Amino acid sequence: MPSATILGDSDGDVRMAGTLLREGQLIALPTETVYGLAGNALLEDTVRQIFTVKGRPLIDPLILHVHEWKQVESITAEIPPHARKLAEAFWPGPLTLILPKADCVSDLVTAGNPTVAVRMPAHPLARRILQAADVPLAAPSANPFGYISPTCAAHVMDSLGERLSWIVDGGPCQAGIESTIVDVSRPDAVRLLRPGPLSPDALSATLDGLPISTHTPQDAAKPAAPGLLARHYSPNTPLCLVSHGEQPPEAPEGRCAWVATSRQQAESSPSGYDRYWFSETGDPEDIARTLFAMLRKLDTLEHSRIYIELPPANGIGLALIDRLTRAAAR
Ligand code: AMP
Ligand code: MG
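Basically the numbering used here = 1-based index in the sequence shown + 2.
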């Protein structure tokens, strides 16, 4: 089967992407978080195809991407005050809000929930394409369900290239991990459903110190966010997590990789490991940008095990620990 055609950022390519999307084609495109597999959210057949291409279970609802407030209003029944404040502070950006849905949003998009997940991305090329398409786009990460999220066009080509006709190349993603998701659909509480680039502290500060609940009651039949599934973002090679500041075991069994947060930490490991580091200095934002690319690269190198040092548990580090813990789950 022929592989996908790559589009760029020329006005002609953006116009074409917009038309194809509006007419119901799927296109993988860059956002500031990860690459998304985008389709017209108002066309049921297109939405169904997104699930099929990813192998995503229908219980796992999709995020709708928009470029202006008029679109937010068209897909929601109501915008509660907390939601408006957070959107004003962080949109466009890596924040997804769970809001009461409008009738035009199908149950397929929301997995039967009365709420819809909405995000206004900041990536300039994503915004131009959204504007050209002029419809809300459903866009989960452009990877087979459960595998490592894509942070550049080559990642999408590697794992979905034969199942897609179009990939827009916008270079590497700036944040590198998926959006922070908060449920603002209830007046009494703001709940964090998935940690991401924006920390709960940053959200709370915008809401005059209102506590952000990080306790998410699990409903096995209907997870509030698929990020909550125990196993996700997973390479095929087994991962073993090491606490921040610690080293892997003295004598590795077989050929093992050691990925530290910084170069210094990598180079001071016991001998016998293939050594890597996420960031020269251990900067958590750098780690976020390189996390998924590193996991993908290592997954091609046939190690018997990959040891990974966790970052410190604050700010974006909380989201990185969340992704790594799920990536390591078996
Ligand atoms: P992904 O597209 O893979 O980044 O995942 C989208 C995330 O948004 C998933 O974790 C979904 O469960 C979450 N999500 C989408 N719609 C809803 C909703 N209506 N209620 C709660 N979570 C949602
Ligand atoms: Mg995903």
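C-beta: ideal position from N, C-alpha, C; glycine also.
All values derive from a computational prediction rather than experimental measurement.
Which residues mark the beginning and the end of the beta strand (DSSP E) in which residue i is found?
i	result
residue 107	Segment: none, residue 107 is in no beta strand (DSSP E) and carries neither H nor E.
residue 169	168-170
residue 81	Neither: residue 81 is in no beta strand (DSSP E) and is coded neither H nor E.
residue 40	38-42
residue 277	275-281
residue 31	29-31
residue 121	117-121
residue 241	241-244
What do you reckon, is the C-beta of residue i under 7 Å from a heavy atom of ligand 1?
i	result
residue 183	yes
residue 108	no
residue 306	no
residue 316	no
residue 396	Shown here, the chain extends from 3 to 332; a query on residue 396 therefore has no answer.
residue 195	yes
residue 42	no
residue 104	no
residue 118	yes
residue 78	no
residue 100	yes
residue 112	yes
Skipping 5 residues on each side, what residues in its chain have a beta carbon closer than 8 Å to that of residue i?
i	result
residue 275	250, 254, 258, 259, 260, 309
residue 60	53, 110, 113
residue 212	84, 192, 206
residue 332	233, 240
residue 317	201, 203, 286
Can you list, in chain order, the residues of its chain whose CB lies under 6 Å from that of residue i, leaving out five sequence neighbours each side?
i	result
residue 205	214
residue 163	5, 6
residue 137	24, 42, 44
residue 107	77, 118
residue 256	306
residue 314	246
residue 321	179, 197, 198
residue 122	68, 93, 94
residue 272	252
Can you give me the start and stop residues for the alpha helix (DSSP H) that residue i sits inside?
i	result
residue 93	Counting along the chain, residue 93 falls outside any alpha helix (DSSP H), and DSSP gives it neither H nor E.
residue 150	First-last for residue 150: undefined, no H or E at that position.
residue 201	It is not in any alpha helix (DSSP H) - residue 201 carries neither H nor E in the DSSP assignment.
residue 307	Note, residue 307: premise wrong, no alpha helix (DSSP H); beta strand (DSSP E) at 307-311.
residue 161	155-162
residue 188	Neither: residue 188 is in no alpha helix (DSSP H) and is coded neither H nor E.
residue 289	286-300
residue 268	265-269
Could you check if residue i is buried or exposed, using at least 16 other CB atoms within 10 Å of its CB as the buried criterion?
i	result
residue 222	Legend: pLDDT at residue 222 = 39, less than 50; position of this residue unreliable, value from coordinates given subsequently. Classification for residue 222: exposed.
residue 279	buried
residue 90	exposed
residue 116	exposed
residue 32	buried
residue 329	buried
residue 177	buried
residue 9	buried
residue 48	buried
residue 73	buried
residue 182	buried
residue 216	exposed
residue 139	buried
residue 228	Annotation note: pLDDT 47 at residue 228 (below 50); position unreliable, coordinate value reported separately. Under this definition residue 228 is a buried residue.
Can you find a heavy atom of ligand 2 that lies under 7 Å from the Cβ of residue i?
i	result
residue 59	no
residue 281	no
residue 236	no
residue 151	yes
residue 70	no
residue 146	no
residue 142	yes
residue 180	yes
By the three-class DSSP mapping on this structure, what secondary structure does residue i have?
i	result
residue 4	coil
residue 257	coil
residue 137	coil
residue 76	helix
residue 49	helix
residue 16	helix
residue 321	helix
residue 68	coil
residue 223	Any answer about residue 223 is weak, because its pLDDT of 41 lies below 50 and its placement is not dependable; what the coordinates show is given next. Correct three-state label for residue 223: coil.
residue 229	Per-residue confidence for residue 229 stands at a pLDDT of 47, beneath the threshold of 50, marking its modelled position as unreliable; the derived number appears in the next sentence. DSSP places residue 229 in helix when its eight states are reduced to three.
residue 314	coil
residue 236	coil
residue 214	strand
residue 58	coil
residue 329	helix
Under 7 Å Cβ to Cβ from residue i, same chain only, skipping five residues before and after it: list those, please.
i	result
residue 268	260, 262, 277, 278, 279
residue 134	16, 17, 19, 20
residue 160	none
residue 298	150, 157
residue 63	111, 112, 113, 115, 119
Beta carbon of residue i: closer than 7 Å to some heavy atom of ligand 3?
i	result
residue 32	Ligand 3 is not part of this structure, which contains only ligand 1 and ligand 2.
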